[in-house]
Amino acid sequence: MTTMGSTTIEIAINLVKTILVFLMMVQAVPILVWLERRGSAFIQNRFGPNRVGPLGLVQLLADAVKFLKKEDFVPEKGNRFLFYCAPVFAMIPGAIAYMAIPMSVPLVTESYTFLIQGYEINVGIVFILGISSLAAYTILMAGWGSGSKFSLMGALRASAQIISYELALGLAIVGVILLYGTFNLAEMIQSQSGSLNFQGFGYTVAANWLPNWGIFYQPIGALLFFAATFAESNRLPFDLAEGEAELVAGFHTEYGGFKMLMFFIGEYAHMMVASGLMVTFFFGGYSIWNFSPEEVHSWIMNTFSVAPFTANVLNSIIHFLSYTIKFALFLWIFIHVRWTLPRFRYDQLMDLGWKTMLPWALANSILTAAIIFIGSHFTL
Amino acid sequence: MPLGGVIFVTIFIAIFGTLLIYLARWTGGKAKKTSQAKFDIYECGIEVQEKKDTKVSVKFYLTAILFILFDIEVIFMFPWASNFKSFIASGAGVYIFSSMMIFLGIFIFGLWWEIKSKALEWD
Chain Y
-7 MTTMGSTTIE IAINLVKTIL VFLMMVQAVP ILVWLERRGS AFIQNRFGPN
43 RVGPLGLVQL LADAVKFLKK EDFVPEKGNR FLFYCAPVFA MIPGAIAYMA
93 IPMSVPLVTE SYTFLIQGYE INVGIVFILG ISSLAAYTIL MAGWGSGSKF
143 SLMGALRASA QIISYELALG LAIVGVILLY GTFNLAEMIQ SQSGSLNFQG
193 FGYTVAANWL PNWGIFYQPI GALLFFAATF AESNRLPFDL AEGEAELVAG
243 FHTEYGGFKM LMFFIGEYAH MMVASGLMVT FFFGGYSIWN FSPEEVHSWI
293 MNTFSVAPFT ANVLNSIIHF LSYTIKFALF LWIFIHVRWT LPRFRYDQLM
343 DLGWKTMLPW ALANSILTAA IIFIGSHFTL
Chain X
59 MPLGGVIFVT IFIAIFGTLL IYLARWTGGK AKKTSQAKFD IYECGIEVQE
109 KKDTKVSVKF YLTAILFILF DIEVIFMFPW ASNFKSFIAS GAGVYIFSSM
159 MIFLGIFIFG LWWEIKSKAL EWD
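This is the structure:
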């Protein structure tokens, strides 16, 4: 297990790095909100925010000023403490889960390996699953603290939905763990580098032009996992927690101003965790198509004739860009789906989770185990 | 330890969020009570009729109980899955595969029973 560092300077660097990752996530939220508003307008044939600044980009600044000028409001019947705690805690699970996801090749110097992620955890998957399900508590706190029955109903629905899809989410990952045989996200990405190379039943199926990504081994698992993350982050088509038509705004009915913004940060942080995990499990993490980090490194050194250390830095930057492109693609899919699909009815939602996705995920993990088992014992 | 990092970030975000709330309260000011209606909980504009301890469907509790049962069973699969390939490599493949299949048989029976007894019907 990698520690936070042995000397004071290393510990300080690592702690500052976690803050930087968190601030990056907070910074990404306004951009995503803008993308979401513009994207929804584009999909629904409207204009969206286009008045304030070029393409409406400064709209976010105007929104922030408006948030700041909002009166600080607590409903009289609510519980003040829970009402204030809920938005603060809403930011925590998504943020600390995201930091365990590796975003680029570690930057190796002579004395120290600098990881491009908040911190490395050797049981990364279990940690992320455990932490991100804590979001149910913040939603319940908000629903109970508001003292409104719409909030409470929204919170109950949301927590029931989150725990129901957690099962499908966990079981969809079992196939991935079977495939890589590890909980460590960095090791998973390493075993996905290179070209597609399937071994089993005494055969080797190799394709030089395809990457060795998890999606080719676990297509059903990927689909189930992605669908379940929509439910986990309370996004359409699973946003029953705030179904406007029936519950006003669900658990954040009574919230406004900066407290509302913090719930937004929490929601987008969960989207980022989901996208990051999708990329890590099924799309090779930071790897660039089927080139391994070492190949890219030697290519940089030969092409630009730079020192090994400069090549290391460039290597990390290029892989970070690769990760970001994949990551942004999944965030865009989240936004696209939200404005394309209608909302489920509540019983349909629960049926889908328990009666469709859970059995499919179960079948997927049994199938994966059986193929690995039979493929290594028998030949065709 | 990474745990130190986790705790550090948790505390940092908690302080960050608290400061944001205080900042917003400082710039926006506390809500002035111009009328009682402003401080009532939101109920589509009508007079507040019910208190918050409104009736909650028992299905939510049932879902929570079933979740705990099934989630524990899913968690058992995690260490099994991470050791599956190394067990096969060391020649104990039949043992690890068949033992989990027996466990999953019970799991699937439980799921089938749960669906059959209509524990998951929302009406």
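As given, the protein sequences belong to chains Y and X, one line each in that order.
The numbering of the first sequence is the numbering used here, which starts it at -7 and goes up by one.
The numbering of the second sequence is the numbering used here, which starts it at 59 and goes up by one.
Virtual Cβ for every residue (Gly too), placed ideally from N, Cα, C.
- Using a CB distance cut-off of 7 Å, D339/Y counts as an interface residue toward chain X.
- Looking at F256/Y, T332/Y, A266/Y, the one whose alpha-carbon comes closest to that of L216/Y is A266/Y.
- Membership of A355/Y in the alpha helix (DSSP H) is indicated by the continuous run 350 to 369.
- Counting along the chain, the unbroken alpha helix (DSSP H) around G122/Y starts and ends at 116 to 124.
- Boundaries of the beta strand (DSSP E) harbouring A198/Y: 195 to 203, taken from the DSSP string.
- Comparing alpha-carbon positions, the option among K91/X, V64/X, T76/X lying closest to E68/Y turns out to be K91/X.
- Counting only the Cα atoms, L341/Y lies some 38 Å from Y80/X.
- Chain Y places a beta carbon closer than 7 Å to that of Y100/X, counting this residue as a contact.
- Looking at F34/Y, A33/Y, P22/Y, M145/Y, the one whose alpha-carbon comes closest to that of L49/Y is P22/Y.
- Taking the Cβ atoms as the reference, W26/Y lies roughly 18 Å from L60/Y, outside the contact range of under 8 Å.
- Look at the beta carbons and you see the segment 170 to 190 of chain Y not touching the segment 138 to 158 of chain Y: under three pairs across the two are nearer than 8 Å.
- Put simply, the CB of I146/X is near chain Y, with a gap under 7 Å to one of its CB atoms.
- Of all residues in the segment 116 to 133 of chain X, those with a C-beta nearer than 7 Å to a C-beta of chain Y are F118, T121, A122, F125, F128, D129, V132, reading in chain order.
- With a cut-off of 8 Å on Cβ pairs, the segment 216 to 229 of chain Y is in contact with the segment 268 to 282 of chain Y, counting three or more such pairs.
- Residues of chain X whose Cβ lies closer than 7 Å to the Cβ of W346/Y are, in chain order, L178.
- In the same chain as V97/Y, and ignoring 5 residues on each side of it, the C-beta atoms closer than 6 Å to its own belong to P285, N307, S308, H311, in chain order.
- Restricting attention to I93/Y, I108/Y, S297/Y, A92/Y, the CA atom closest to the CA of I5/Y is found in I108/Y.
- At a cut-off of 7 Å between C-beta atoms, F365/Y counts as an interface residue with respect to chain X.
- Residue pairing by DSSP places Q191/Y opposite T196/Y in a beta bridge.
- With a contact defined as Cβ atoms closer than 8 Å, P203/Y and S187/Y qualify at about 7 Å.
- The segment 137 to 178 of chain X is shown to contain whole alpha helix (DSSP H) runs of 4 or more residues at 151 to 174, in chain order.
- Under the criterion of beta carbons closer than 8 Å, G110/Y and V132/X do not qualify as touching, at roughly 26 Å.
- Classified as exposed, F301/Y has fewer than 16 neighbouring CB atoms from the shown chains inside 10 Å of its CB.
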